[in-house]
Structures are given as structure tokens and as C-alpha cells.
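Visitor: Structure below; questions to follow.
In our numbering, the protein residues as written are 2 to 430.
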């Protein structure tokens, strides 16, 4: 069976914890898109970790962890991350890397930095991890597949050809140092030595695993609203964040995905620029940010303070719809226990009309939130393991949001640890 775990909103929803939790009963966990530009925070018996490339199943000895063909693979970052785990007494994970995955090149990171610098105040708020230049090259058909590392003549010829093209931009657009093809070739030979023990035909591996009845988790990065087609374009990422792409980015037929767990926060947060209708500011935002997550709401990759907002039913309903949601995992609910009342964004006012349907970006920029306020529960809910034991106002909050978004909330996270989870039978199922 194949399950996908994806985000409903801007990312930062808590997918890492949900993947880590569900991995206990899974055999294989696959990262299917994105790169080291976003992180998944996980708290377990080993401590607190921020993963950037490795799948969130790496803390279990029984799982195989796969870097799929859709991932932007930064090989040195991957190995730094493995060392980060093993230095903290996490056993070496079982790791497989698709021979069709493409490599983030050293110059991709430089081009990312140079372009943000060139754009100045009109920049996209990139994490400068090389992601947009990487995917640009992939679709321009001048990217480097892992498999190409093992053909020296092909590799040497391609390095010289690509370096010649990149050097035109470096010299005339960015006025920066040029790429030395010989140096780049040696770097790639080093990458080959690092990655060789882990390379395999991932699509065939997954095909055989499913024939044997294995359970596969597809772990998404970021969320619906960062999808380049269906998100808040152009303030999006460069690979599809939708569960449908999970099949492509892992090398599976789309029809194999039987369950799609879409993760929503009990409030909203985002890192980076772009429309964010329910955003809050000042002391109100600072208090929520400080209380949020485990140690505060700061980007797992950048350390940047996350932008904060109240739960957005319009964005979340859309996010769940685009993912094909079968189950909603509702996270960080415990954070809201300090509030007397909790605003929930139930509609957008655009040009004097109220809509509950998520619009395209140019209309989204004009949207003002329409709020409904619900009474808070004013107590600590960590440690509660059954839905019926939650305070009545807390249950009312969950059920109100469930009705607004129209998708079943079947998992509720009320703390950072693996065990901080409540399973629930939804009336919508």
C-alpha cells in the first residue's frame, strides 16, 4: 500500500512528525520532490532534529529510506545530514538513492545567490539552496543525473559544454568568477565515490516491494500553496508539492496511492514572501510565534522567524482539495490553549464580495480576511490521548474547522513527541 503525507498550506505544517509517527508501521519512506531548501522538525527518543534531505523514517531500523528521482539532490548536504544523525547516536539509516535523481551542482547555489542579489528588493525570498536554478536546468535538459556520474566520457563532455554556457551568464550578467570545467569534473568524481554505495533503480525497487505487500510512505515537502501550478505563483517553490506528483517523483503508477494524509496546523505560519490573508503582526504574532511549535516558530532550514496567522479555512479547504485528501492530520493544537477566543478565517472579501473559494494570486493580493471567533479552552491539553477527554471548546474548534474545510480530521497532534497524538473517527468519513 502507498500512502502520501503532504502539506495543505505554505509548508511548516508538521509533516515530519506525522511521517516519523506513521513510519513505525511502514517499510519504505520516500522523499519525492524538493531539496534541502525546507526542513522537517522531528522530536523523538534520540532528541530534536531538523531533516532537510533525508526522509523522516530514518530513526527506525526496520525502514528503507529512499531519495526519489524527483528530488533536488545535494550530495554533500545529504552526507552532512547523515553525519549529523550518527554523531547523535542515531544508527546509520538504510538509504537508497534513485539513479534518475538529479544533482544540485555547486554553481546552482551560486546562481541562486547571484540572482537574489541582482533582484534586490524584488527578490523571491529564496533560501539560496540552488533549487530554482536546479529545476531550471533539469527542464532545460542540461541537468546532471546521478546515473551520468558513472560514465566518465559522457560526464567530461557534458561538464565542458554546460560550463561554457554558464560562464556566459557569469561573465556578462552577474560579473562573477567563471566555472573551471576541470575543477567541476573532479568535484563530480568525488560525488560519485560518496553516492555509489546507495544508488539503485528505485522505481523497480518500489515495484517489487509493492508486489511483496510492503507499505510505502511518500513524504512531501512544503504544501499546496507553494506548488508552481496551483499555489501563490510566483512566490512558490520549483517542484510540485501535490500528492499526485508523489507517484512521478518516486517512480510509481499514480493509481498505487491509496491514502493521502494532508497536514494542517491549528493556526497558520509561513516562511518566505507571498500572499498570506490571515497573517497577524506585532505582539499578537510574537506571542503565537514564541509559544508555537517546540521552541518557537522559526524556519527549520533558515532559522527565519515564521510569519504567523490564524487558521485559514479558505486556503486549507483548497489545499486539501488539490491534494486529494483522505485524512487530515491537525497539528500543534496544544499551542492555542492560552487564548480566550480564537479567530478563524472563514472567507475572503475581495472587491466588496465574500468568497470561500481560493482565488488566483492577483485577486488573492486584494483579499481581506473574514473572521469568526470561537471560545478558547484555556488549559493544557498535552498528555491527553483520547478525543473525548479534550475540553469541549477544543472539540468544538476541531469540529468547526472540519465542517468548514469539508475533509475528515482523523489525527490530532497535541505536542511535539511521537506519542502526542489522538486518533479520531470523523463524522465526515
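Yeah, the Cβ is synthetic: ideal placement off N, Cα and C, and Gly gets one too.
State the Cα-Cα distance for the pair residue 264 and residue 116, rounded to the nearest angstrom.
Guide: Computed Cα separation, rounded: 32 Å.
Visitor: Extract the residue ranges of the alpha helix (DSSP H) inside the stretch 294-374, only unbroken runs of 4 or more that lie entirely within it.
Guide: Runs found: 314-324, 362-365.
Visitor: Contact check, residue 8 vs residue 326 under 8 Å by CB: the rounded distance?
Guide: About 11 Å; that fails the 8 Å criterion.
Visitor: Helix, strand or coil for residue 32 per DSSP?
Guide: Strand.
Visitor: Taking all protein chains shown into account, do 16 or more other C-beta atoms lie within 10 angstroms of the C-beta of residue 62, making it buried, or fewer, making it exposed?
Guide: Label assigned to residue 62: exposed.
Visitor: Taking the alpha carbon of residue 402 as the reference point, which residue from 198, 316, 165 has its own alpha carbon closest?
Guide: When only C-alpha atoms are compared, the closest one is 316.
Visitor: Name, in chain order, the residues that DSSP records as bridge partners for residue 41.
Guide: BP columns for residue 41 point to 52.
Visitor: With distances taken between CB atoms, is the gap from residue 109 to residue 135 smaller than 8 Å?
Guide: Closer than 8 Å, so yes.
Visitor: Around the C-beta of residue 16, are 16 or more other C-beta atoms found within 10 angstroms, so that it is buried, or is it exposed?
Guide: Per the 10 Å Cβ criterion, buried.
Visitor: Cα separation between residue 77 and residue 192?
Guide: If you take the alpha carbons of residue 77 and residue 192, they lie about 8 Å apart.
Visitor: Could you say which of 419, 406, 390 lies nearest to residue 425 if we only look at CA atoms?
Guide: That would be 390, whose Cα lies nearest to the Cα of residue 425.
Visitor: According to DSSP, residue 65 sits in a beta bridge with which residue or residues?
Guide: Paired residue(s): 29, 95.
Visitor: For residue 431, which option in 393, 408, 100 has the closest C-alpha, if you only look at C-alpha atoms?
Guide: Residue 431 falls outside the range modelled here, since the chain spans only 2 to 430, and no answer is possible.
Visitor: Look at the alpha carbon of residue 32 and the alpha carbon of residue 341, and state the distance between them as a whole number of angstroms.
Guide: So the two alpha carbons sit approximately 40 Å from each other.
Visitor: Between the stretch 244-263 and the stretch 229-236, can you find at least three pairs of beta-carbon atoms closer than 8 Å?
Guide: No, the stretch 229-236 is not in contact with the stretch 244-263.
Visitor: Whole angstroms are fine: how far does the CA of residue 54 sit from the CA of residue 72?
Guide: So the two alpha carbons sit approximately 8 Å from each other.
Visitor: Determine whether the beta carbon atoms of residue 268 and residue 336 lie at a separation below 8 Å.
Guide: Yes.
Visitor: Determine the contact status of residue 66 and residue 59, defining contact as a CB-CB distance below 8 Å.
Guide: Contact flag set, yes.
Visitor: So for residue 2, helix, strand or coil by DSSP?
Guide: Of the three classes helix, strand and coil, the one that applies to residue 2 here is coil, per DSSP.
Visitor: What residue from 257, 385, 384, 356 has the CA that sits closest to residue 372's CA?
Guide: Among 257, 385, 384, 356, the Cα nearest to that of residue 372 belongs to 356.
Visitor: Are the CB atoms of residue 361 and residue 219 nearer to each other than 8 Å?
Guide: No, these two residues do not count as a Cβ contact at 8 Å.
Visitor: What does the alpha-carbon distance come out to for the pair residue 319 and residue 10?
Guide: Each residue's Cα considered, the two are about 9 Å apart.
Visitor: Across the stretch 416-424 and the stretch 377-392, are there enough close Cβ pairs to call them in contact, namely three or more that are closer than 8 Å?
Guide: Yes, the stretch 416-424 touches the stretch 377-392.
Visitor: According to DSSP, residue 266 sits in a beta bridge with which residue or residues?
Guide: Partner(s): 332.
Visitor: Quick check on the DSSP output: the alpha helix (DSSP H) that includes residue 147 runs from which residue to which?
Guide: Unbroken run through residue 147: none, as it is neither H nor E.
Visitor: In or out: residue 143 buried (at least 16 other Cβ within 10 Å) or exposed?
Guide: By the 10 Å Cβ count, residue 143 comes out exposed.
Visitor: Given a cut-off of 8 Å on the beta-carbon distance, is the pair residue 351 and residue 374 in contact?
Guide: No. Outside cutoff.
Visitor: Suppose contacts are defined by Cβ-Cβ distances below 8 Å. Is residue 222 in contact with residue 261 by that definition?
Guide: Result no, Cβ atoms of residue 222 and residue 261 do not sit closer than 8 Å.
Visitor: Specify, as a first and last residue, the run of the alpha helix (DSSP H) that residue 160 falls within.
Guide: Taken as a continuous stretch (DSSP letters only), the alpha helix (DSSP H) holding residue 160 covers 153-170.
Visitor: Bridge partners of residue 8, per DSSP?
Guide: Answer is 224, 264.
Visitor: Here's the rule I'm using: 16 or more other beta-carbon atoms within 10 Å means buried, otherwise exposed. How should residue 49 be labelled?
Guide: With fewer than 16 Cβ atoms within 10 Å of its Cβ, residue 49 is classed as exposed.
Visitor: In angstroms, rounded to a whole number, what distance separates the CA positions of residue 392 and residue 306?
Guide: Looking at the two C-alpha atoms, the distance is approximately 31 Å.
Visitor: Check the DSSP bridge columns for residue 72 and list the partner residues they point to.
Guide: Paired residue(s): 35.
Visitor: Return no unless some Cβ of chain C is closer than 8 Å to the Cβ of residue 257.
Guide: In summary, chain C is missing from the structure at hand, where a single protein chain is found.
Visitor: Could you give the C-beta distance for residue 210 and residue 28, rounded to a whole number, given that I count them as a contact under 8 Å?
Guide: Confirmed, Cβ separation roughly 7 Å.
Visitor: Do residue 189 and residue 163 have their beta-carbon atoms positioned less than 8 Å apart in this structure?
Guide: No, Cβ-Cβ distance for residue 163 and residue 189 is not below 8 Å.
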